[in-house]
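2 protein chains.
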Amino acid sequence: MDIAFEKGGGLVPAIIQDAQSGEVLMMGFMDTETLAETQSSGEVVFFSRSRGRRWKKGESSGHVLKVREVRVDCDADTLLVRVDAVGPGVCHEGYRSCFYRRLEQDRTASVVERQTFAPEKVYGQEKRG
Amino acid sequence: MDIAFEKGGGLVPAIIQDAQSGEVLMMGFMDTETLAETQSSGEVVFFSRSRGRRWKKGESSGHVLKVREVRVDCDADTLLVRVDAVGPGVCHEGYRSCFYRRLEQDRTASVVERQTFAPEKVYGQEKRG
Numbered sequence: 000m001d002i003a004f005e006k007g008g009g010l011v012p013a014i015i016q017d018a019q020s021g022e023v024l025m026m027g028f029m030d031t032e033t034l035a036e037t038q039s040s041g042e043v044v045f046f047s048r049s050r051g052r053r054w055k056k057g058e059s060s061g062h063v064l065k066v067r068e069v070r071v072d073c074d075a076d077t078l079l080v081r082v083d084a085v086g087p088g089v090c091h092e093g094y095r096s097c098f099y100r101r102l103e104q105d106r107t108a109s110v111v112e113r114q115t116f117a118p119e120k121v122y123g124q125e126k127r128g
Numbered sequence: 000m001d002i003a004f005e006k007g008g009g010l011v012p013a014i015i016q017d018a019q020s021g022e023v024l025m026m027g028f029m030d031t032e033t034l035a036e037t038q039s040s041g042e043v044v045f046f047s048r049s050r051g052r053r054w055k056k057g058e059s060s061g062h063v064l065k066v067r068e069v070r071v072d073c074d075a076d077t078l079l080v081r082v083d084a085v086g087p088g089v090c091h092e093g094y095r096s097c098f099y100r101r102l103e104q105d106r107t108a109s110v111v112e113r114q115t116f117a118p119e120k121v122y123g124q125e126k127r128g
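Top to bottom, those sequences are chains Y and D.
Sequential numbering of the first sequence, starting at 0, is according to numbering that gives the first Met the number 0.
Sequential numbering of the second sequence, starting at 0, is according to numbering that gives the first Met the number 0.
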């Protein structure tokens, strides 16, 4: 099947879900090359919009995402990657999931999860990966 | 907090997750107005990129998404909406989730979920909503 990369300027969103807990961990983007590498290597590789280049999740932190299954939606324009997440969390802010805040009706945000690691010890100066 | 609508031309992706099962049901987009309406009404409203307008999920099918909680990610550019999904499924193809196909390494797709309703009976001619 054709994945609709052209809809998003060559990129499709890839939702990352913990295969065991069902927790949604993060969302990133993939182009055709990083999707192929994700599938062939068995570890998640994104295309970073901000850096404009391939970005292997865990390249600096060691917190890699081991692929269990890739799903594609009805429109073929969004991926769902079910993973085993290595390490205490995927978020550069020190949480298991990047979705650690609840958005209230007044658009304030409340932290509703606990930190699982100290990000400065894992990432040092570079705050990603 | 400021949601980074400007990153996506006024829209942010909104991942829809079943609050009870943890299943990822679909992904849509919201602008500032449809996010506000989603939060105030308690039912999910998207901005449809293809139609270029507000799109209330369930407007034709009755399969509305009742909001339990809205989460926001570390970069404030992606939403996770945890919902109670009314009806047998959210997908216009007749499945509980839009992610009913597994993407194989050779990019063929395999249906790995069972249909939960007959879409032609729910949607008639119009295949969405």
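Virtual Cβ for every residue (Gly too), placed ideally from N, Cα, C.
Model, not experiment: these values are computed from the prediction.
Practice task
In angstroms with no decimal places, state the Cα-to-Cα distance between leucine 64 of chain Y and serine 109 of chain D.
Solution key: Spanning the alpha carbons of leucine 64 of chain Y and serine 109 of chain D requires a straight line of approximately 23 Å.
Exercise for the section: Give the secondary structure of valine 82 of chain D by DSSP, where H, G and I count as helix, E and B as strand, and everything else as coil. Expected result: When secondary structure is reduced to three states using DSSP, valine 82 of chain D falls in the strand class.
Exercise for the section: Tell me, to the nearest whole angstrom, how far the beta carbon of valine 82 of chain D is from that of glycine 61 of chain D; I am working on the premise that it is less than 8 Å. Expected result: At roughly 15 Å, the Cβ-Cβ gap does not stay under 8 Å, so valine 82 of chain D and glycine 61 of chain D are not in contact.
Practice task
Count the other CB atoms, across all protein chains shown, that sit within 10 Å of the CB of glycine 88 of chain D; report buried if there are 16 or more and exposed otherwise.
Solution key: By the neighbour-count criterion, in which a residue is buried when 16 or more other Cβ atoms sit within 10 angstroms of its Cβ, glycine 88 of chain D is buried.
Exercise for the section: Check whether the Cβ atoms of phenylalanine 116 of chain Y and arginine 70 of chain D lie closer than 8 Å to each other. Expected result: No, these two residues do not count as a Cβ contact at 8 Å.
Exercise for the section: Using a Cβ cut-off of 8 Å (strictly closer), state whether isoleucine 14 of chain Y contacts chain D. Expected result: So yes, isoleucine 14 of chain Y belongs to the interface.
Problem - Whole-angstrom distance between leucine 10 of chain D and glycine 41 of chain D, CA atom to CA atom - result: A straight-line Cα-Cα distance of about 19 Å links glycine 41 of chain D and leucine 10 of chain D.
Exercise for the section: Compute the beta-carbon to beta-carbon distance between leucine 24 of chain Y and aspartate 17 of chain Y, rounded to the nearest angstrom, for a pair I have assumed lies under 8 Å. Expected result: About 6 Å separates the Cβ atoms of leucine 24 of chain Y and aspartate 17 of chain Y, confirming a contact at the 8 Å cut-off.
Exercise for the section: Using a Cβ-Cβ cut-off of less than 8 Å, list which residues of the segment 20-36 of chain D approach chain Y; keep chain order. Expected result: Going along the segment 20-36 of chain D in chain order, one finds Ser20, Gly21, Glu22, Val23, Met25 and Met26 with a Cβ nearer than 8 Å to chain Y.
Exercise for the section: Report the option in D:Glu103, D:Glu119 and D:Thr37 whose CA atom is closest to the CA atom of histidine 91 of chain D. Expected result: For the residues D:Glu103, D:Glu119 and D:Thr37, the minimum Cα distance to histidine 91 of chain D belongs to D:Glu119.
Practice task
Look up glutamine 104 of chain Y in the DSSP assignment and say whether it is helix, strand or coil.
Solution key: Per DSSP, reduced to three states, the secondary structure at glutamine 104 of chain Y is coil, with no helix or strand assignment.
Practice task
Report the partner residues of serine 109 of chain D according to the DSSP bridge assignment.
Solution key: Serine 109 of chain D is bridged to D:Arg101.
Handout entry: Three-state secondary structure assigned by DSSP to lysine 144 of chain Y
Key = Residue 144 of chain Y falls outside the range modelled here, since chain Y spans only 0 to 128, and no answer is possible.
Handout entry: N- and C-terminal bounds of the alpha helix (DSSP H) containing glutamate 22 of chain Y
Key = Where glutamate 22 of chain Y is concerned, there is no enclosing alpha helix (DSSP H), given that its DSSP letter is neither H nor E.
Problem - Reduced DSSP secondary structure (H/G/I, E/B, other) of leucine 10 of chain Y - result: Leucine 10 of chain Y: coil per DSSP, three-state reduction.
Practice task
Buried or exposed for arginine 113 of chain D, please, with buried defined as at least 16 other CB atoms from any protein chain shown within 10 angstroms of its CB.
Solution key: By the 10 Å Cβ count, arginine 113 of chain D comes out exposed.
Exercise for the section: State buried or exposed for serine 96 of chain D, treating a residue as buried only when at least 16 other CB atoms are found within 10 Å of its CB. Expected result: Buried.
Problem - Same chain, Cβ closer than 6 Å to arginine 101 of chain D, neighbours up to 5 away in sequence not counted - result: The answer, listed in chain order, is Ser109 and Val111.
Handout entry: chain Y contact for aspartate 72 of chain D (CB, 8 Å cutoff)
Key = Under the Cβ criterion of 8 Å, aspartate 72 of chain D is counted among the residues facing chain Y.
Practice task
Can you tell me which of the three DSSP states serine 47 of chain Y falls into?
Solution key: Serine 47 of chain Y: strand per DSSP, three-state reduction.
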